[in-house]
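Given below as structure tokens:
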């Protein structure tokens with residue numbers, strides 16, 4: 002019995018909690034990509050760099066607050082600095098939309114042109130971020146490190162394995178839940194949100210019924226900037242801020258959005274968790290779990306790992322390919338907001 | 108009058124301008140530098156031709172250029188390096204059995220898929236089962252052999268080696284490798300929404316790069332493969348040959364410098380042969396009924412489908428051909444470098460550069476894409492000295508160790524990518540047809 006509990010705690014500590022955290026980050030990122038797809042109808046390659054841009058300003062805000070001696074107690078100060086990051090990312094997104102995307106939208110350019118434009122912007126924003134803050138690692142986490150530390154857990158339960166929950170993990174999951182709930186409330190209950198969904202569903206009909214397209218686009222970019230900053234900040238708090246790793250996030254985020262069904266917010270969230278869980282589950286070394294669950298004296302020789310951790314990125318891609326083959330519209334099919 | 112002269116002779120004028128730029132570098136920075144730039148320009152031009160086939164002829168967006176180029180580089184290693192006998196004895200058979208199991212798994216799963224094709228849900232589970240069994244079985248043979256191979260003299264070899272064949276053979280083989288990967292990707296992603304291909308190619312190129320970085324038994328991974336055989340003579344041999352010493356004296360140069368220039372000229376000659384051949388084929392294809400069909404499909408898929416063209420199949424073919432050209436260029440690049448460095452392939456950056464070449468040069472026009480390859484590579488290389496000089500000049504009023512000045516100097520490399528991004532955005536907006544626009548029947 003204790004062996005079973007130990008195995009479960011082990012899985013919880015190294016598989017479930019990290020996957021939930023990473024999944025929340027991906028879900029928020031994929032939500033942004035899906036919004037752009039639903040309303041503006043292209044895959045936004047610049048999303049990862051927008052995340053980095055927003056996070057960068059959050060970091061500046063954090064440093065500013067820290068030098069003023071302001072802190073959020075046990076919570077990371079970065080949460081207080083989020084509004085600054087959000088404002089910066091929104092300003093950037095809206096500015097780039099007005100100066101770059103708008104021209105192509107008015108000419109009714111094909112989605113591929115938008116995609117190329119977004120890659121151009123990706124390098125532009127990426128260059129900007131590396132220029133301002135540099136390509137190196139920035140750790141901006143402060144506050145209490147653990148909510149439950151492994152040692153406390155062991156003492157409390159008497160088990161051999163400990164379940165540690167980091168503050169960043171709790172903050173990520175709670176924030177993600179709040180943001181997603183707010184998002185759905187906005188899309189489903191408010192007039193503006195409804196007009197966005199209508200626009201995404203059928204552009205011509207929406208225009209006919211008097212919905213202002215410029216306003217819809219503006220609000221979309223505001224939401225995208227907000228989501229990108231929140232996702233980026235949570236990721237940066239949990240791991241660390243490095244511009245390059247934000248570029249690497251692009252593929253898992255796209256995979257999440259497509260797996261869930263591009264343009265479908267609910268799908269983006271489900272996709273984020275699917276991708277995160279499978280990435281970690283496939284590259285997890287089950288050796289200790291197997292040891293706990295199997296009879297005494299039997300110990301597997303290898304790590305009992307399906308795929309080396311180096312191939313994490315391959316997992317999201319393989320899932321993407323499977324979905325493209327089996328169900329190209331994604332789990333929650335359809336392209337509605 | 109002047110303008111009409113330019114518009115009538117646009118292509119020769121622009122190419123002459125490009126040649127002039129190279130000559131300026133030759134006079135200013137030395138002929139050896141100019142020839143190095145020229146060689147890489149030629150390779151970039153071939154990659155740009157490959158991308159142009161996909162984008163210009165067919166409107167397919169491939170974000171995985173570097174992945175395909177890396178496969179070409181891998182081909183160069185596998186074809187030309189001498190085999191490591193010891194490693195092949197240690198683990199060759201295990202790897203072979205593992206490979207056979209892999210192939211058998213693929214065939215078995217397609218077979219199962221055909222048999223159970225009608226009941227989808229059963230078929231999925233059956234295929235899943237077959238793959239799981241194949242994977243587990245393959246690993247039993249694979250992993251011990253990998254360890255055995257990597258244990259053989261790890262500081263020098265630790266990998267299987269190649270076939271020891273002439274490296275020129277690797278060029279078509281590299282094309283084949285890339286074509287194979289492109290076929291698989293095309294099968295999955297073509298026929299769906301257009302951006303799925305972009306995302307799928309991004310994914311496959313990332314995986315190829317992770318693969319060649321991590322599978323040390325095949326590629327030595329981050330330890331790099333050095334000293335690939337050359338298709339041209341070595342400088343050291345040239346310097347000792349009597350005829351060459353005579354030649355150097357005729358050129359009026361020191362022997363060492365002359366030998367380096369001679370070797371680069373040899374490479375340039377080989378590359379020019381390839382590019383001329385490709386150009387001939389590409390131009391002939393574009394002017395043929397096939398080329399017109401491809402452009403018709405690009406411009407209106409629905410209409411072409413209504414005329415009975417199999418759009419997805421045509422897209423698949425052109426995607427495979429274009430990727431093969433990129434793969435070949437990748438093999439040529441590795442040949443020129445003389446070493447295979449998996450870390451050097453930065454998936455998005457260089458892919459993006461090739462894209463900018465095609466768009467600036469003129470998508471849909473082979474001469475344009477080639478010129479773009481020359482032009483953008485030239486400025487990519489020369490941007491660093493120009494950028495540093497510019498920053499130096501702009502901040503010359505500051506003290507030498509002023510933090511802002513140092514920061515700007517450090518960031519020059521990032522500014523380069525940013526500039527290319529801005530160049531692309533400006534080009535897409537203000538001259539989307541590029542330097543040498545595509546020739547269309549109606550305009551002419």
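Chains as they are written, first to last, in my numbering: chain A, 2 to 338; chain B, 108 to 551.
Ideal Cβ placement from N, Cα and C applies to all residues, glycine included.
Fair warning: this is a prediction, and the values are worked out from it, not measured in the lab.
With fewer than 16 other Cβ atoms from the protein chains shown falling within 10 Å of its own Cβ, residue 347/B counts as exposed. The C-beta distance from residue 159/B to residue 470/B rounds to 6 Å, short enough to meet the 8 Å contact threshold.
Closest in alpha carbon position to residue 364/B, among 125/B, 288/B and 142/B, is 142/B. With 16 or more other Cβ atoms inside 10 Å of its own Cβ, residue 523/B counts as buried. In the same chain as residue 468/B, and ignoring 5 residues on each side of it, the C-beta atoms closer than 6 Å to its own belong to 475, 476, 478, 479, 541 and 542, in chain order. Taking C-beta separations shorter than 6 Å and ignoring five residues to either side along the sequence, the partners of residue 162/A in its chain run 7, 10 and 11, following chain order. Counting every other CB atom within 10 Å of its CB across the protein chains shown gives residue 231/A a total of 16 or more, marking it as buried. The segment 393 to 411 of chain B makes no contact with the segment 365 to 378 of chain B, as fewer than three CB pairs between them are under 8 Å.
In this structure the segment 440 to 449 of chain B does not lie against the segment 112 to 131 of chain B, because fewer than three pairs of beta carbons, one per stretch, are closer than 8 Å. Shortest Cα-Cα distance from residue 484/B to any of 144/B, 194/B, 118/B and 172/B involves 144/B. For the pair residue 162/B and residue 205/A, the Cα-to-Cα distance works out to about 30 Å. Residues of the same chain with a CB within less than 7 Å of the CB of residue 330/A, apart from the 5 flanking positions on each side, are 262 in chain order. Identification of chain B residues near residue 311/A by a Cβ-Cβ cut-off of 7 Å yields 317 and 321, ordered along the chain. Interface criterion not met: the Cβ of residue 193/B is under 8 Å from no Cβ in chain A. Residue-level contact check: residue 315/A touches chain B, since one or more beta carbons of chain B fall below 8 Å from its beta carbon. Going by beta carbons, residue 177/B and residue 437/B fall inside the 8 Å limit. Residues of the same chain with a CB within less than 7 Å of the CB of residue 277/A, apart from the 5 flanking positions on each side, are 20, 23, 24 and 27 in chain order.
Going by beta carbons, residue 538/B and residue 434/B fall outside the 8 Å limit.
As summarised for the segment 313 to 368 of chain B, the continuous alpha helix (DSSP H) elements at least 4 residues long and confined to that stretch are 323 to 326, 342 to 347 and 349 to 358, given in chain order. Of all residues in the segment 515 to 537 of chain B, the ones placed with a Cβ closer than 7 Å to any Cβ belonging to chain A are 518, 521, 522, 524, 525, 527, 528, 529, 531, 532, 535 and 536, in chain order. Here residue 521/B is buried. Its C-beta has 16 or more other C-beta atoms within 10 Å. Considered as a whole, the segment 225 to 311 of chain A harbours 244 to 249, 251 to 261, 266 to 284 and 288 to 294 as its complete alpha helix (DSSP H) runs of no fewer than 4 residues, in chain order.
The Cβ neighbour count for residue 202/B, taken over all protein chains shown within 10 Å, is at least 16; the residue is labelled buried.
Using a CB distance cut-off of 8 Å, residue 247/A does not count as an interface residue toward chain B.
The segment 244 to 262 of chain B makes contact with the segment 317 to 328 of chain B, as at least three CB pairs between them are under 8 Å. A check of alpha carbon separations from residue 202/A across 328/A, 164/A and 265/A identifies 265/A as the nearest.
Residue 57/A counts as buried, since no fewer than 16 other beta carbons sit within 10 angstroms of its beta carbon. Contact of residue 93/A with chain B by beta-carbon distance below 9 Å is absent, the smallest such distance being about 14 Å.
In the three-state reduction of the DSSP assignment, residue 76/A falls in the strand class. Per DSSP, reduced to three states, the secondary structure at residue 453/B is coil, with no helix or strand assignment. In this structure the segment 205 to 221 of chain A does not touch the segment 234 to 247 of chain A; the number of beta carbon pairs closer than 8 Å is below three.
Assignment of beta-bridge partners to residue 195/B by DSSP yields no partner. Going by DSSP, residue 149/A is part of the beta strand (DSSP E) stretching over 147 to 149.
For residue 124/A, the nearest beta carbon of chain B is closer than 8 Å to its own beta carbon. Residue 242/A is outside the set of residues whose beta carbon lies under 8 Å from a beta carbon in chain B. Taking the beta carbon of residue 102/A as reference, no residue of chain B falls within 8 Å; the closest one sits roughly 10 Å away.
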